[in-house]
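Here the sequence shown stands for residues 540 to 1447, where the numbers follow my numbering.
We treat Cβ as the ideally placed atom computed from N, Cα and C, and that holds for glycine.
Input: a single structure, listed below in structure tokens.
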Amino acid sequence: MRRPLIGALGLFAIAAGALAGLAVSARLAPERLRAALEERLTAELGPVEIGEVRPFFGWGLGIELRDLRIPGEPGERPIAADRVWITLSPRSVVRGEPRAHRVDVRGLDLALARRADGRWTPHAVDRLVQRAQPGPGGQTAGAPARSLREIASALPAVSVEDAALRVAFAEPAQAIALRRVQVTLSHDPFGGAPQLRGTGRIGDSGRDAGGFELDGVLDETGPRGTLALADADLALAGPWLAARGVEAELAGRASGVAAWTPAAAGGALDLELVGLGVRAVDRARPLEVAVASAHASARVEIDPQHVRVSGFEWRGGGSQLAGNASIERPISDAAKLSFELRGGPLSLPALRDLVLAASPPQGAQQRNVASLRGGAIKSFALHAGETPLSFFHALAGGPRAKGATLADLWPETVSVDATLDAVEIAQGDGQPIRDLRGRVHLERDRLRIEDMRARIGDRPLPQLWLSVQGLRAVSVAFERGVVPRPVPPLPGRIALDDWIESKKKPGSPPRWRSIEVDADWIEHPVLLRPLEETTAVLAPANPGVHIREAKGYWGGVPFRGKGSYRGGDQSRIDVEVALSLPRREGRRRADAAAWGRARFHARLEKLGDFQAEWLDGVAQAVGDRVELRRGAAHLRPRGSLRGSVDLDLSESDAVPYRADLQLENGSFSDLLNDIKLDGGSARGTADLDASLAGKLVIGHSMLADMQGTAFLRLREGEINKRMNVLLAIAQASDTLNPFRSRETIPYERIDAPLTLKDGFLETDGFTLQGPAVRMMGTGRVNVVRAPYDLEAVIGIFFFRTLDRVIGVFPILNRLLLGPDDNLVSTYFAMSGPWGDPQARLVPVKSFASGPASFVLEGLPAFVRGGLSRLERMLGGGAAESERPAPEASPTPPPTAPRADAKPPANAP
């Protein structure tokens, strides 16, 4: 662009020189003067036509030319000017060497075109451009700026008004049109640098594309100046971008200033731009970016070794950016680029579209980035040391080595810090991750996440603090794996944490010492890739859990790490993990319903309220349920507990559960102590089969919603008379007091079928078999509401040894023993608070008549019902059940009844 301008200015220099010599010849008539001027200019420029020549005396002696035309080749647009005034220097006329002092041009029409072969049209301009080319051995580097100054210094002062200028390039195709151009070239009378000023409008007569203003000084060190644009139409840049291989459309208006300051072998360019309604469309991808208003400024410094950008600032589209950069010269893929860029917020959907447009279709980068649905980078800082430009080309989707991941290309010198806000990430058919926010630090092979919070659906995820070493392995896992299938929401996870925490007393020690976990798989979409064959050791953190010695496979790549978890409303996960290659393919699993399964071994202090040594089992997650299978625990000091538990985590305020449990060889007194009852009141070996269901609700009694059945068996023990129930019996009758001569009642066996429902624990018929006393009873106790009222009927049968002897003889059996097979029996009705119940004798007609002889008049309904059930028990073969079984074949314990089964009608 500079050379055709030199050529255009050269036209006036040649014309002025030719006219100056002729203008002083007073002997030439105007017509002869016109012909002579045409002849002289034609010799320099080619054919020239002048309409009229007149003398001019406005600012001194001069000549006025009208209708000046320089025709071009056929099809070329001629150079034309309506009027040209050439004023001579008075001093040069006096010396006899006339020289033009000033040239004024009005109505100039100049159309320049550069052909594909590099030549210019019109031919006159091309001749001048070729003449200005440096010859062999001529000017060296930096000469173009000095040549421009030399040409300008040799020219007279020039003023151009109302000019139209068009410049077109054939390859690549691009053009620009200027109109209403005003240009002045002035000289410092004291020998200073020439000054060039200009104004005008951009676009032809049919389209106004803004205005410009130029102010320059042609110093010895190089030209310096300022170019200002006002309300320029950005659409004009489209052809210039296309000529450089950018298939883009621009729209909007821009105003700005560019100021160039020369320096030794370079210079500095200060830029400031303001845009309104800016829209850019990339047709090749496609991609569209729109900004209502924007402001940008920067300083660009150029020297032989570097191009540096400093003081860069951008405000637009709700974002602010600032930074600086430096790149080596010459600029190539090997050139090293360094920069710092900071600012925010940045729209993640907009960045997603940029990455999708730049990355290869169907690639892993496309899949991962396409899952971004919303949110923003609230603030960020991007730092790059001296980094080859090829990395940024590859990052933008350019060529990379086969199998190379982003982590392979990422230099050590590049790091990113970002704060995310309200990010949403799609998870296939599952609920998206929403409201994700936190801080991210990214280096070549390390990722650090701090204070990350998010939700899946309406449920919050734990706060996450994560450090990942081995991003190359992470990239491989992302590129070759898929996100696990959707999992139903688990709001009950928080409800379960809250319930567990509510049961802890402040300052109480943890109930477990360690848990060894061996997970076959965990496939939850929040993990982004499946976990397989993962082992870890858990230790209590009070509150929370420490995770150590973790290792396994994530997305097929091996990892090691450690971490911690804290539950509750402010739940938090801290993880440090290192991943490595090579990757293996995922393992096939037979159970497609379970998204997680793990074996565990827990070393315990307590299991619930009970003293315990350890607990083993298999836990698996199916939908929104967690199932404990093959659970086995060892109680302290003795006893084993087996069973299974199902937890339903689909509710946000409760955790429904179902449990089937079997206790064997437990210490009854220690079990009573564990649940804060008087362990000294009874001793023996306890077995229990139970099938229970209910809900865990914070602030609500666990027994209130529990229902189900159980069967309790006690063997080889004794009951102390201070047990509240028996103490009440002892106080009810001095004559029929089983504790009158002893403090305890020994027993061989106690069997009790139990039912738990609506807050009441009931038995339809417990039995006690002892060497001296046999007991039967029915009743219920409120286990939820204080004072825990008790209603029961108990039958006591004395002289069991004598009863057995009499029972051997049929005649004595019939005569002396009643229907209950006892010589002496008595019945008590009990009621009142569990801690202090009251007992009273139930009157009978005779000792040997049994329950059929009860005096029922005036007895409460629960007493009549209890007596009726006892009567059924006695009438169903009680005597046969009293006979001791052979020691060689003890009666096997009954199997555990289910929660929905009815208790047996007859005690074993």
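- In this chain, the beta strand (DSSP E) harbouring L1077 covers 1070-1079.
- In the three-state reduction of the DSSP assignment, R1175 falls in the coil class, being assigned neither a helical nor a strand state.
- Annotation: A1331 to L1202 spans about 26 Å, alpha carbon to alpha carbon.
- Assignment of A1132 by DSSP, reduced to helix, strand and coil, places it in the coil class.
- A direct Cα-to-Cα measurement between G614 and D648 gives close to 16 Å.
- Remark: C-beta atoms of V1165 and L1188 approach each other more closely than 8 Å.
- For G1334, the closest of V1320, P1372, R616, V1264 by C-alpha to C-alpha distance is V1264.
- As the crow flies, the alpha-carbon of S1006 is around 46 Å from that of L1210.
- Per the coordinates, the alpha-carbon of R1288 lies some 21 Å from the alpha-carbon of N1212.
- Rounded to the nearest whole angstrom, the C-alpha separation of R994 and L975 is 7 Å.
- Here V756 carries a strand assignment [DSSP, helix/strand/coil].
- The shortest C-alpha to C-alpha distance from I1237 to any of T952, P695, E1190 is the one to E1190.
- L812 has G795, A835 as its beta-bridge partners, per DSSP.
- Take E1055, set aside five residues on each side of it, and the residues of its chain with a beta-carbon closer than 7 Å to its own are V1076, F1139, H1140, in chain order.
- For G601, the enclosing beta strand (DSSP E) begins and ends at 601-609.
- One thing to note: S1220 has its Cβ no nearer than 8 Å to the Cβ of R1177.
- The region 944-1012 is shown to contain whole alpha helix (DSSP H) runs of 4 or more residues at 945-948, in chain order.
- Around the beta-carbon of R868, fewer than 16 other beta-carbon atoms lie within 10 Å, marking it exposed.
- Burial state of G862 is buried, judged by a 10 Å Cβ sphere holding 16 or more other Cβ atoms.
- If you look at G1125, you'll find it isn't in any alpha helix (DSSP H); DSSP assigns it neither H nor E.
- The C-beta distance from T760 to A798 rounds to 15 Å, too long to meet the 8 Å contact threshold.
- In this structure, the CA atom of L826 is about 50 Å from the CA atom of L607.
- Closest in alpha carbon position to F1017, among S1103, D956, L1000, E1124, is E1124.
- Within 10 angstroms of the beta-carbon of R573 lie 16 or more other beta-carbons, which makes it buried.
- G1147 and G1182 have their C-alpha atoms some 15 Å from each other.
- Annotation note: the region 693-756 contains the following uninterrupted beta strand (DSSP E) runs of length 3 or greater, listed N- to C-terminal: 696-708, 713-725, 734-741.
- About 6 Å separates the CB atoms of G977 and I988; that is less than 8 Å, so the two are in contact.
- The region 1047-1063 and the region 1021-1028 touch, with no fewer than 3 CB-CB distances between them shorter than 8 Å.
- Going by C-alpha positions, G1095 is about 8 Å away from P1069.
- Around the CB of L1066, fewer than 16 other CB atoms lie within 10 Å, so the residue is classed as exposed.
- Residue nearest to D1303 within the set I1284, P1285, F1250, L1035 is F1250 (criterion: CA-CA distance).
- Listed as beta-bridge partners of A1016 by DSSP are no residues whatsoever.
- The beta carbons of A702 and V722 sit closer together than 8 Å.
- E1040: member of the alpha helix (DSSP H) spanning 1031-1041, first to last residue.
- For E1301, the closest alpha carbon among the candidates R719, I1112, R1319, G742 is that of R1319.
- Judged by DSSP secondary structure, S918 falls within the beta strand (DSSP E) whose first and last residues are 911-927.
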